[in-house]
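Asks: Under numbering that gives the first Met the number 0, the first residue of the sequence shown is numbered 0, with each subsequent residue one higher. Heads up, the beta-carbon is just placed ideally off N, CA and C, and yes, glycines get one too.
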Amino acid sequence: MGDEELLRWVGQLEHIALDMDGTIYMGSDLFDCTLPFLALLREKGIGYSFLTNNPTKSAEDYIARLASMGVECAPNQIYTTAMGAIDYLRTSRPELRRLFILGTESMTREFVAAGFEPTADSAEDEPDAVLVAFDTTLTYDRLCRAAWWIAQGKPYIATNPDRVCPTNLPTVLVDCGSLCAALATATGREPDITIGKPNPDILRGVAARYGVAVERVAMVGDRLYTDVQTAHNAGAMGVLTLSGETTLADADRAEQQPHLTINSLADLGELIKRAKSC
Ligand SMILES: [Mg+2]
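#1: With respect to 8 Å, is the separation between the Cβ of Thr-22 and the closest non-hydrogen atom of ligand 1 below this value?
#2: Please say whether Thr-33 and Ile-23 have beta carbons closer to each other than 9 Å?
#3: Excluding the 5 residues flanking Thr-103 on each side, which residues of the same chain have their C-beta closer than 7 Å to its C-beta?
#4: Give the straight-line distance between the Cα atoms of Glu-109 and Ser-57, rounded to the nearest whole angstrom.
#5: Would you say Glu-244 touches ligand 1, meaning its beta carbon is less than 8 Å from a heavy atom?
#6: Within 8 Å: the Cβ of Asp-28 and any heavy atom of ligand 1?
#7: From the DSSP output, in three-state form, read off Thr-79 for me.
#8: What separation, rounded to the nearest whole angstrom, lies between the Cα atoms of Asp-174 and Gly-243?
#9: Can you confirm whether the segment 160-180 touches the segment 201-219 when touching is taken to mean that 3 or more C-beta pairs between the two stretches lie within less than 8 Å?
#10: Assess contact between the segment 191-200 and the segment 222-240, defined as three or more Cβ pairs (one per stretch) separated by less than 8 Å. Is contact present?
#11: Beta-carbon within less than 7 Å of Lys-43's beta-carbon, same chain only, minus the 5 sequence neighbours each way: which residues are those?
#12: So is Asp-251 buried or exposed if we call it buried at 16+ other beta carbons inside 10 Å?
#13: Are the Cβ atoms of Leu-247 and Ala-16 separated by less than 9 Å?
#14: Is the CB-CB distance between Pro-190 and Ala-157 below 9 Å?
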């Protein structure tokens with residue numbers, strides 16, 4: 000994209016959907032540029048929200064976590080893949096009420112609050128569907144129980160396709176996509192639907208909620224196969240930030256190129272200042 004076209008696009012932005020891990024913070028460290036960037040968006044009248052594939056925390060827990068880092072976030076500014084799964088089930092599969100859930104307690108509480116009933120880890124307690132999430136409390140028995148119901152042909156929904164979750168700790172956080180890979184090996188079935196990025200419905204939902212055209216939304220994130228792909232799939236602007244897991248070499252090799260690649264949110268802030276002053 001040429002410089003002029005880029006500035007025009009940035010100048011027309013009405014909403015920025017921000018990935019969290021690797022984009023506004025890494026693990027528990029908020030990036031220095033995050034608060035000034037959000038202040039700039041408020042000053043320029045550009046809306047923003049946080050769109051994360053990570054469903055381990057409820058919206059309430061995310062808001063508290065962001066507040067502890069100094070980031071103000073209203074309940075309507077956060078959207079997780081657990082919320083996406085709830086919206087999907089309500090609108091597309093309302094008959095599925097009883098769920099066998101591989102997920103954290105915080106996430107399961109969100110489903111209970113939304114009227115769903117989690118089933119027990121027992122062959123006697125038959126669910127309507129299986130929901131597999133990024134389960135940081137995973138146990139072997141529950142993984143086997145999920146595999147059993149999936150093998151029985153129950154509707155199978157996954158919250159997010161991520162293979163790993165970024166971290167600054169010396170470990171690999173095995174994410175929902177990897178659990179689904181294990182279940183696929185065990186059962187021969189892939190999820191019937193995976194809710195999170197790159198499924199464009201999640202970004203179209205953001206645009207609809209804020210009443211803006213999806214072409215005037217930018218999705219900013221540190222991953223090609225989720226964040227940038229979502230933008231392409233939805234017809235939004237895809238901004239890759241190199242502040243997380245993707246290197247410039249990865250970006251150069253990518254089949255679907257980001258509309259814009261930045262080192263951090265500070266670069267996008269500079270572009271917004273230029274675009275909004277012309
Ligand atoms: Mg990320």
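Replies: Well, looking at it:
#1: Because some heavy atom of ligand 1 lies under 8 Å away, the Cβ of Thr-22 counts as near it: yes.
#2: yes
#3: Thr-55, Asp-134, Thr-135 and Thr-136
#4: C-alpha of Glu-109 to C-alpha of Ser-57: approximately 6 Å in a straight line.
#5: yes
#6: no
#7: strand
#8: 16 Å
#9: no
#10: yes
#11: For Lys-43, where only same-chain residues beyond five positions count, the Cβ hits under 7 Å are Ile-271 and Lys-275.
#12: exposed
#13: no
#14: yes
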